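Asker:
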Amino acid sequence: MIKETAELLKAENKIILVHGNADMDAIGSAFAISVCFPKGDIFAPGGVDRVASLAAEKLNISILEQCDLSRYDLVVVVDTSSPEQLKPLVRSVPEGSVVIDHHTPTGKWENVRFYCDHTKVSCCEIIKQMIESLGIEIPREAAIALMGGMLTDSGHFQYSKPEMMRTFADLLESKGIHMDEVFDLTRTQTTMSERIAVMKAVGRAKFDYVGDMIVSTASGGSFEASSSRSLLMAGADVAFVGSQRDEEFRISGRATQEVVRKGIHLGNIVSGIGKETDTDGGGHGGAAGLSGIGDAEAMLHMCMQRTMDDFREIKKGMREDIT
Numbered sequence: 495m496i497k498e499t500a501e502l503l504k505a506e507n508k509i510i511l512v513h514g515n516a517d518m519d520a521i522g523s524a525f526a527i528s529v530c531f532p533k534g535d536i537f538a539p540g541g542v543d544r545v546a547s548l549a550a551e552k553l554n555i556s557i558l559e560q561c562d563l564s565r566y567d568l569v570v571v572v573d574t575s576s577p578e579q580l581k582p583l584v585r586s587v588p589e590g591s592v593v594i595d596h597h598t599p600t601g602k603w604e605n606v607r608f609y610c611d612h613t614k615v616s617c618c619e620i621i622k623q624m625i626e627s628l629g630i631e632i633p634r635e636a637a638i639a640l641m642g643g644m645l646t647d648s649g650h651f652q653y654s655k656p657e658m659m660r661t662f663a664d665l666l667e668s669k670g671i672h673m674d675e676v677f678d679l680t681r682t683q684t685t686m687s688e689r690i691a692v693m694k695a696v697g698r699a700k701f702d703y704v705g706d707m708i709v710s711t712a713s714g715g716s717f718e719a720s721s722s723r724s725l726l727m728a729g730a731d732v733a734f735v736g737s738q739r740d741e742e743f744r745i746s747g748r749a750t751q752e753v754v755r756k757g758i759h760l761g762n763i764v765s766g767i768g769k770e771t772d773t774d775g776g777g778h779g780g781a782a783g784l785s786g787i788g789d790a791e792a793m794l795h796m797c798m799q800r801t802m803d804d805f806r807e808i809k810k811g812m813r814e815d816i817t
């Protein structure tokens, strides 16, 4: 289906949507499509994160803040596991829209042309495959954007797979790109507000453990992903940080590669919680998110309990292996 889906992207009047607080993988994917399958505008209904914003500025990527989908012949959605991630500005996408993703399928996309390869570390890998399946040349700046998405979604290669490394190296070599160019694209200075938010989250952290595996949770006002990574650096194997905005909550989860190899999959944990609570959860083994209407503290408690259950299963399996 790679080539068949790529053919659909040839529509000349299309809009490319990305999930709320869009990251570099989403923006890199959207930018490469807009450049290699013109004409395509990029719309970020929920804004973009700090890294993606700086990258967009460096690469002169134009991102719409408002958009009328009815003006376009085709709607393309990339790196978005469910329609909820496009709300509130986009409540639904038209029938026949194209959705390209790499997260574990949530089953929430209906009446669309859906292509998903959840074995991929990044959506940018899929987009590169689609472009090349039609023999289209990838411009240098689009290649750098794709590599930026691979770099960030793999946790700067911590969660990479051999296939992703080969894909990354192919662009590096074929386009004459230097590694420092890709790292400079995604490198940002830590702001004072982020440092304070992280320190507050660490100060509020709770934890529990099974054997030598620790899960930690904390409440914060912002910068949930940075705070989660800081809890891992402090010693946790799995960390969830949540924030409350009126009736809505948002949780970011991170796990060490070591505990992922043992069997932890954060995407499965939060997607299971999401289905039970009618919220939106998904992601990968080592990084995932959960959001929706609800109480952040209650959802963090559920995340901790589910992780503890998985820890117990892992420990039980280790005992059985020994016997």
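If you're matching positions, the sequence shown starts at 495 in this note's numbering and goes up one per residue. Positions of the beta carbon are idealized from the N, C-alpha and C atoms, including for glycine. Bear in mind that the values here come from a model prediction, so they are computed numbers and not experimental data.
#1: Could you pull out every residue in the same chain whose Cβ sits closer than 7 Å to the Cβ of residue 588, ignoring the five residues on either side in sequence?
#2: Could you give the distance in angstroms between the alpha-carbon of residue 591 and the alpha-carbon of residue 530?
#3: Within its chain, find whatever has a CB closer than 6 Å to the CB of residue 497; leave out the 5 residues flanking it on each side and keep chain order.
#4: Take residue 713 as the anchor and find which of 655, 807, 745 has the nearest alpha-carbon.
#5: May I ask you to report which of helix, strand or coil DSSP gives residue 798?
#6: Cβ of residue 646 within 8 Å of Cβ of residue 519?
#7: Considering only residues of the segment 529-576, which uninterrupted beta strand (DSSP E) runs meet the minimum length of 3 residues and lie entirely inside it, listed in chain order?
#8: Per DSSP, residue 707 forms a beta bridge with which residues?
#9: With DSSP as the reference, please indicate the residues paired to residue 722 in a beta bridge.
#10: Return the residue from the list 584, 751, 805, 617 that minimises the CA-CA distance to residue 540.
#11: The beta strand (DSSP E) that contains residue 757, what's its start and end?
#12: By Cβ distance below 7 Å, which residues in the same chain neighbour residue 676 in space, the five residues on each side in sequence not counted?
#13: Spell out a yes or no on whether the segment 498-512 and the segment 565-580 are touching, meaning 3 or more CB-CB pairs, one atom from each, closer than 8 Å.
#14: In terms of alpha-carbon separation, which member of 596, 684, 595 lies closest to residue 548?
#15: Could you give the residue range of the beta strand (DSSP E) that holds residue 654?
#16: Buried or exposed for residue 774, please, with buried defined as at least 16 other CB atoms from any protein chain shown within 10 angstroms of its CB.
#17: If I'm right that residue 620 touches residue 611 with Cβ under 8 Å, what's the distance once you round it to whole angstroms?
#18: Find the nearest neighbour of residue 693 within the set 550, 656, 718, judged by alpha-carbon distance.
#19: Excluding the five sequence neighbours on either side, which residues of its own chain have a C-beta within less than 7 Å of the C-beta of residue 652, listed in chain order?
#20: Please report the distance separating the alpha-carbon of residue 576 from that of residue 813.
#21: If you run the structure through DSSP and keep just helix, strand and coil, what is residue 681?
#22: Short check: CB of residue 635 to CB of residue 553, under 8 Å?
#23: In chain order, what residues of the same chain lie with their CB nearer than 8 Å to the CB of residue 574, ignoring the 5 residues before and after it?
#24: By DSSP, does residue 717 sit in helix, in strand, or in coil?
#25: Is DSSP giving residue 602 helix, strand or coil here?
Answerer: According to the data block:
#1: 563, 569
#2: 19 Å
#3: 627
#4: 745
#5: helix
#6: yes
#7: 534-537, 568-572
#8: 704
#9: Answer is none; residue 722 lacks a bridge partner.
#10: 584
#11: Taken as a continuous stretch (DSSP letters only), residue 757 belongs to no beta strand (DSSP E), as it is neither H nor E.
#12: 638, 641, 642, 645
#13: yes
#14: 684
#15: Counting along the chain, residue 654 falls outside any beta strand (DSSP E), and DSSP gives it neither H nor E.
#16: buried
#17: 6 Å
#18: 718
#19: 751
#20: 38 Å
#21: coil
#22: yes
#23: 511, 512, 513, 520, 580, 593, 595
#24: coil
#25: coil
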